[in-house]
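Input: a single structure, listed below in structure tokens.
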Amino acid sequence: MLALDFMRNAFLTGGCIALAAGLVGYFVVLRNEVFTSDALGHVAFTGSLGGLLAGLNLLAGVFGSCIAVALAIGTFGGRGRGRDVAIGTIFAWVLGLGVLFLSLYTSARSGATGSVGISVLFGSILGLQPIQVIVGSISGVAICAVTLLVARPLLFVSIDPDVALARGVPTRAFTALFLFLVAVTVAESVQAVGALLIFALMVTPAAVAQNISARPWLGMALSALIALAVVWIGLVLSFYISYPASFFITAVAFAAYLVSQLGRQIRPAASR
């Protein structure tokens with residue numbers, strides 16, 4: 011299996027993406043920003059098609075659009091209900107724009123089909139191009155490094171923003187940094203599982219980790235390791251069973267969540 015170039019690329023890039031998604035995803039769940047990651051996943055679909063229409067590299071469109079929308083959410087969204095309204099409004103407009111871009115892209119190029127859109131929506135980790143391997147691996151490592159570097163103050167801001175602000179912590183700056191990390195993580199995760207299945211890496215491993223432990227540092231480590239295991243197990247199953255890797259990745263993640271939920275229900279009963 012590892013003798014094949016495309017499998018080595020998938021394991022390397024998928025591993026880096028998984029670790030980054032697991033770490034950042036822990037904060038997504040902790041801060042109740044699940045809707046944000048979902049919205050940015052769909053933004054990646056529109057951004058990729060917009061980039062191709064503009065003659066840019068697909069990755070440039072994905073990263074640029076996700077970062078731009080994340081900054082817009084941070085600027086105009088505020089907190090709580092205000093942010094949900096901003097995300098929902100931007101989300102609806104961006105999806106409509108994506109449909110327009112897909113129509114323009116397929117009609118402007120006689121040989122073009124919807125395969126690019128399908129690839130972005132559902133992932134193509136077994137068909138990564140060399141530039142995708144490089145960008146995915148480097149950005150994954152960089153995201154992990156930055157997240158670990160700011161983890162302590164970001165935890166403080168995420169758990170109790172009012173107290174953090176009272177103690178002089180620049181909460182707006184850390185919120186902007188968090189949204190930037192989410193945007194970049196979503197953009198690179200799209201390569202593995204696609205825009206529609208982004209929850210499998212950004213949310214599910216973190217939810218499993220929180221079911222196992224309430225301690226933040228242990229939860230972060232578990233979230234990253236669970237995401238890594240989910241991707242690698244999904245790749246192995248895809249290689250031997252010949253079904254899409256994104257399906258197996260999401261299926262393994264869902265199975266892990268069910269087991270963790272069952273364990274969470276059993277523990278209180280066993281202690282009585």
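For reference, each letter of the sequence shown is one residue, going 11 to 282 in the working numbering. Where is the CB? At the ideal position from N, CA and C, for every residue including glycine. Owing to the predicted nature of the structure, the values given are computational and were not obtained by experimental measurement.
Name the residue from the options whose alpha carbon lies nearest to the alpha carbon of residue i.
{"i": "Ala80", "options": "Leu245, Thr185, Leu165, Leu33", "result": "Thr185"}
{"i": "Asp15", "options": "Trp103, Phe209, Leu138", "result": "Leu138"}
{"i": "Gly25", "options": "Gly61, Ala13, Tyr250, Leu235", "result": "Leu235"}
{"i": "Ala49", "options": "Phe264, Thr195, Leu232", "result": "Thr195"}
{"i": "Asn42", "options": "Ile222, Asp170, Val200", "result": "Asp170"}
{"i": "Arg18", "options": "Ala183, Leu245, Ala231", "result": "Leu245"}
{"i": "Leu110", "options": "Cys154, Phe132, Ser58, Ile141", "result": "Ser58"}
{"i": "Ser113", "options": "Ala261, Leu62, Arg274, Pro140", "result": "Leu62"}
{"i": "Ala183", "options": "Ser199, Ala102, Leu164", "result": "Leu164"}
What's the C-alpha gap between residue i and residue j?
{"i": "Phe258", "j": "Leu175", "result": "42 Å"}
{"i": "Leu268", "j": "Ile251", "result": "23 Å"}
{"i": "Ser168", "j": "Leu211", "result": "20 Å"}
{"i": "Asp94", "j": "Gly84", "result": "11 Å"}
{"i": "Gln201", "j": "Thr181", "result": "31 Å"}
{"i": "Val203", "j": "Tyr253", "result": "13 Å"}
{"i": "Ala224", "j": "Cys154", "result": "21 Å"}
{"i": "Ile135", "j": "Asn67", "result": "17 Å"}
{"i": "Ala78", "j": "Leu238", "result": "28 Å"}
{"i": "Leu5", "j": "Ala261", "result": "Shown here, the chain extends from 11 to 282; a query on residue 5 therefore has no answer."}
Closer than 8 Å by C-beta to residue i: which residues in its own chain qualify, once you throw out the five before and the five after it? Chain order, please.
{"i": "Leu22", "result": "Val143, Ser147"}
Looking only at its chain, what residues have a beta carbon closer than 6 Å to the beta carbon of residue i, apart from the 5 residues adjacent to it on each side?
{"i": "Thr214", "result": "Ala263, Tyr267"}
{"i": "Ala216", "result": "Gly35, Tyr36, Val39, Ser233"}
{"i": "Gly133", "result": "Ala202, Val203, Gly204, Ser256"}
{"i": "Ile27", "result": "Gly146, Gly150, Glu198, Ser199, Ala202"}
{"i": "Phe248", "result": "Sequence inspection shows Ser at residue 248; the Phe mentioned does not correspond to that position. The answer, listed in chain order, is Ala255, Phe258."}
For residue i, I'd like the list of residues in its chain whose CB is within less than 7 Å of its CB, leaving aside the five on either flank, ordered along the chain.
{"i": "Gln220", "result": "Val39, Gly229"}
Contact between the segment 43-59 and the segment 141-159 (3+ Cβ pairs under 8 Å): no
Validate contact between the segment 187-194 and the segment 67-81 using beta carbons, cut 8 Å, 3 pairs: yes
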